[in-house]
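**Q** Sharing a structure, written as structure tokens. Questions coming.
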Amino acid sequence: MAETYIIRIGDIPSRKIRKRVRGFLRNEDVALVANDGQKFGVVLEKNQLVIKSDE
6 MAETYIIRIG DIPSRKIRKR VRGFLRNEDV ALVANDGQKF GVVLEKNQLV
56 IKSDE
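So the sequence shown is numbered by my numbering: it starts at 6 and just counts up by one.
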């Protein structure tokens with residue numbers, strides 16, 4: 006089953022960190038690998054971080 010996690014940018018406590026996250030994700034292909042080897046794609050959509058399973 007495909008998993009999707011959504012984190013609102015506004016939920017990140019620091020303005021400085023929010024700006025760094027936006028800059029890091031801008032026009033880049035970002036992936037997250039969990040401890041069990043599962044891969045997730047990370048994108049910025051509508052002021053939210055969307056983390057979707059690649060499998």
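Just so it is clear, CB atoms sit at the ideal spot from N, CA and C, and this is done for glycine as well.
Return the CA-CA distance between Arg25 and Val38, expressed in angstroms with no decimal places.
**A** Along the sequence shown, read from residue 1 onward, the residue named residue 25 stands at position 20. Along the sequence shown, read from residue 1 onward, the residue named residue 38 stands at position 33. If you take the alpha carbons of Arg25 and Val38, they lie about 20 Å apart.
**Q** Can you tell me which residues form a DSSP beta bridge with Lys44?
**A** Counting from 1 along the sequence shown, the entry for residue 44 is found at position 39. Paired residues: Val38.
**Q** Select from Leu54, Ser58, Asp59 the residue whose C-alpha is nearest the C-alpha of Ile11.
**A** In the sequence shown, residue 11 corresponds to position 6, counting from 1. Answer by Cα proximity: Leu54.
**Q** Would you say Val38 faces chain B, with C-beta separation under 8 Å as the test?
**A** In summary, chain B is missing from the structure at hand, where a single protein chain is found.
**Q** Quick test of your reading: Gly42 and Lys57, contact by CB under 8 Å. State the CB separation rounded to the nearest angstrom.
**A** Along the sequence shown, read from residue 1 onward, the residue named residue 42 stands at position 37. Along the sequence shown, read from residue 1 onward, the residue named residue 57 stands at position 52. Not really, about 16 Å apart at Cβ, beyond 8 Å.
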